[in-house]
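Asks:
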Amino acid sequence: MNNELLTLFDIKDDIVESFTIDNIDTYYEINIRFKPSVVCCPHCGSIHFISKGTQKKRLVSTPINDQPVKIITHLKRYKCLDCTSYFSDTNPIAYENWSFTKVAIISILNKLKPYNATYASIARMFGVSTTRIIDVFDAFVRIKRHNLPKVLLIDEFHFSRHTKYKYPAILMNFENNLIIDIIESRTHDIMSDYFFKINLEERKKVEYICTDMSFIFKPLLKTYFPNSTLLVDHFHVTKFVNDQLNNTRKRVMRKYASNKKSLEYRLLKHRYKLLLKSRNDIDLEIFKYDNILEHYATENIILEQLLNCDEELRQAYNAKEEYLIFDQVTQKEINNCNNKRMELTSLIKRFRHTQVEESIKVAETLNNWKEEILNSFIWINNRRISNGPIEGKNNYIKKILSNANGMVNFKRARNRILYSQNKYETYSTKEHKDKIKRPSNPRGTYKKNKK
Numbered sequence: 001m002n003n004e005l006l007t008l009f010d011i012k013d014d015i016v017e018s019f020t021i022d023n024i025d026t027y028y029e030i031n032i033r034f035k036p037s038v039v040c041c042p043h044c045g046s047i048h049f050i051s052k053g054t055q056k057k058r059l060v061s062t063p064i065n066d067q068p069v070k071i072i073t074h075l076k077r078y079k080c081l082d083c084t085s086y087f088s089d090t091n092p093i094a095y096e097n098w099s100f101t102k103v104a105i106i107s108i109l110n111k112l113k114p115y116n117a118t119y120a121s122i123a124r125m126f127g128v129s130t131t132r133i134i135d136v137f138d139a140f141v142r143i144k145r146h147n148l149p150k151v152l153l154i155d156e157f158h159f160s161r162h163t164k165y166k167y168p169a170i171l172m173n174f175e176n177n178l179i180i181d182i183i184e185s186r187t188h189d190i191m192s193d194y195f196f197k198i199n200l201e202e203r204k205k206v207e208y209i210c211t212d213m214s215f216i217f218k219p220l221l222k223t224y225f226p227n228s229t230l231l232v233d234h235f236h237v238t239k240f241v242n243d244q245l246n247n248t249r250k251r252v253m254r255k256y257a258s259n260k261k262s263l264e265y266r267l268l269k270h271r272y273k274l275l276l277k278s279r280n281d282i283d284l285e286i287f288k289y290d291n292i293l294e295h296y297a298t299e300n301i302i303l304e305q306l307l308n309c310d311e312e313l314r315q316a317y318n319a320k321e322e323y324l325i326f327d328q329v330t331q332k333e334i335n336n337c338n339n340k341r342m343e344l345t346s347l348i349k350r351f352r353h354t355q356v357e358e359s360i361k362v363a364e365t366l367n368n369w370k371e372e373i374l375n376s377f378i379w380i381n382n383r384r385i386s387n388g389p390i391e392g393k394n395n396y397i398k399k400i401l402s403n404a405n406g407m408v409n410f411k412r413a414r415n416r417i418l419y420s421q422n423k424y425e426t427y428s429t430k431e432h433k434d435k436i437k438r439p440s441n442p443r444g445t446y447k448k449n450k451k
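Following this line, the structure appears as structure tokens:
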């Protein structure tokens, strides 16, 4: 008997009566006959029972040398002479009603931990269908919500266009990058219902909440988080300012659309990314040949040519640069909130005075979120509070959804994301009996095609 193989499958030698292994084409087949273990009838407790042969059960186990392994267990079957019931020895290597060994289930769950793992690839590894791997995951992975943190980040990500709610909300702890939970939607009703179910004492512990410039969360703040301060993510504000500058660029470009071969149109069409870069990142020294200008030029020269296309574009660009200077400060450079308040008030006037419609829209938005923008200049543990950590997690979430070719079952996707992205998240050793299935309509009556 190969004791090393028994150890590999976590089988104790003293419970095995016989053990054989065969290499059959594309998989290994192992036959194991276990020693009798029953001492009394499990139904009535009687010790008067007789053997009624053996019961075979085919199990999937962990692969050997990249080949699937099928284990056939042989267990004694009995008949009780007192209550006439039939029963068998307990299978020591498998859960009841499962066609996987316990070791195989643990191996499957461990292999599903990386973000780039897929149900299909693991199914091929074990020589089973994708559905069976999904069933294992659903039965043993149920991640609970974590406690609300001191600094709570809230953002959304695109889930699926085939579901009722396309944009779930993700909650994260800023201090340790732990995903607290994922909510099915960021709509007012669902968010209200979610936070209402959380104990008030736990909600009172939240001191800072960082979110984007969505008006959905503003009304919920004082209702559910009485001790918290709302911050707007400064990266979202910068993106909004850049997006409006880009809209100005598109509007100006349409003025030259009648002659698409003109220098102005081609510059606005193909060199616009220079407008969106910070002035500090524009190269002033390296000359490269530019196909549009048809001569060597630095990035700064091309940028000036762009700004010469229209005065409105120059005004919007200069206002954008002033906002970047206002936003890009270090912890040491922050003197007090009053200085930043005066700067922001001046910036809002600056955007209004440009007389550019997109810049005026920026001024209105900055004014609506004035307090939240000023609150964003808060550092915790030498880090400025922002949704940067949550955006990093969103990139991995996109990869998980992409590798799966999309998901439509939100509960399963939530468990998969939390299990993969939270480092110390683990599986349960007990099977969850309830099923994670999407609600669907019954098929109804139909006619079978006769051949």
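Count the sequence shown with UniProt numbering and you get residues 1 to 451, in order.
Even glycine gets a Cβ: it sits at the ideal position worked out from N, Cα and C.
What you are looking at is a predicted structure, and each value in this text was computed from that prediction instead of being measured.
Any idea what DSSP makes of residue 242, helix, strand or coil?
Replies: helix
Asks: Whole angstroms is fine: what's the gap from residue 422's alpha carbon to residue 407's?
Replies: 20 Å
Asks: How would you call residue 257, buried or exposed, if buried means at least 16 neighbouring beta carbons within 10 angstroms?
Replies: Under this definition residue 257 is an exposed residue.
Asks: Nearest to residue 65 by CA position, among 75, 45, 8 and 55, is which residue?
Replies: 8
Asks: In three-state terms, what does DSSP make of residue 392?
Replies: helix
Asks: Quick check: the Cα distance between residue 278 and residue 311, rounded to an integer number of angstroms?
Replies: Straight-line measurement puts the Cα of residue 311 at about 19 Å from the Cα of residue 278.
Asks: Which residues bound the beta strand (DSSP E) around residue 170?
Replies: 169-173
Asks: From the DSSP output, in three-state form, read off residue 94 for me.
Replies: strand
Asks: In its own chain, which residues sit with a C-beta less than 7 Å from the C-beta of residue 396, not counting the 5 before and 5 after it?
Replies: Cβ neighbours of residue 396 beyond the five flanking positions: 115 and 421.
Asks: Quick check on the DSSP output: the alpha helix (DSSP H) that includes residue 103 runs from which residue to which?
Replies: 102-111
Asks: Please look up how many angstroms separate the CB atoms of residue 204 and residue 227, rounded, as I've assumed it's under 8 Å.
Replies: With a contact defined as Cβ atoms closer than 8 Å, residue 204 and residue 227 qualify at about 5 Å.
Asks: Rank 170, 284, 334 and 313 by C-alpha distance to the C-alpha of residue 468 and give the top, closest one.
Replies: Nothing about residue 468 can be reported from this structure: the residues present for the chain run from 1 to 451 only.
Asks: Do you know how far the Cα of residue 90 is from the Cα of residue 98?
Replies: 13 Å
Asks: For residue 358 versus residue 245, is the C-beta spacing smaller than 9 Å?
Replies: yes
Asks: With a Cβ-Cβ cutoff of 9 Å, do residue 252 and residue 210 count as a contact?
Replies: no
Asks: Rounded to whole angstroms, how far is the Cβ of residue 148 from the Cβ of residue 206, which I believe are closer than 8 Å?
Replies: Yes, they are in contact, since the Cβ atoms of residue 148 and residue 206 sit about 5 Å apart, within 8 Å.
Asks: Take every Cβ of the segment 232-243, pair it with every Cβ of the segment 178-189, and state whether three or more of those distances are shorter than 8 Å.
Replies: no
Asks: By how many angstroms is the C-alpha of residue 196 removed from the C-alpha of residue 345?
Replies: 36 Å
Asks: Out of curiosity, what's the CA-to-CA distance linking residue 379 and residue 385?
Replies: 6 Å
Asks: Mind reading off the beta-carbon distance from residue 10 to residue 69? Whole number of angstroms is fine, and I expect it under 8 Å.
Replies: Wrong, their Cβ atoms sit about 13 Å apart, outside the cutoff.
Asks: According to DSSP, simplified to helix, strand and coil, what is residue 43?
Replies: coil
Asks: Out of 171, 433, 416 and 394, which has the shortest C-alpha to C-alpha gap to residue 157?
Replies: 394
Asks: Work out the CA separation of residue 190 and residue 409 for me, nearest whole Å.
Replies: 17 Å
Asks: Could you tell me the boundaries of the alpha helix (DSSP H) in which residue 223 lies?
Replies: 221-224
Asks: What's the gap between the Cα of residue 466 and the Cα of residue 44?
Replies: The structure shown has nothing for residue 466, since the chain only spans 1 to 451.
Asks: What does DSSP give as the partner residues of residue 29 in its beta bridges?
Replies: Residue pairing of residue 29 in beta bridges, as defined by DSSP: 22 and 70.
Asks: Quick one: using the 10 Å Cβ neighbour count with 16 as the cut-off for buried, is residue 193 buried or exposed?
Replies: Under this definition residue 193 is an exposed residue.
Asks: Between residue 41 and residue 49, how many whole angstroms is the CB-CB distance? I'm expecting something under 8 Å.
Replies: 6 Å
Asks: Just to confirm the assignment: which complete beta strand (DSSP E) runs, minimum length 3, are found wholly within the segment 297-368?
Replies: none
Asks: Measure the alpha-carbon distance for residue 145 versus residue 159 and round it to whole angstroms.
Replies: 19 Å
Asks: Using 10 angstroms around the beta-carbon of residue 432, count the other beta-carbons present and answer buried if the total reaches 16, otherwise exposed.
Replies: exposed
Asks: Specify, as a first and last residue, the run of the alpha helix (DSSP H) that residue 456 falls within.
Replies: Residue 456 falls outside the range modelled here, since the chain spans only 1 to 451, and no answer is possible.
Asks: Leaving out the 5 sequence neighbours to the left and right, which residues in its chain are closer than 6 Å to residue 289 when beta-carbon positions are compared?
Replies: The beta carbon of residue 289 lies closer than 6 Å to those of 296 in the same chain, with the five residues before and after it left out.
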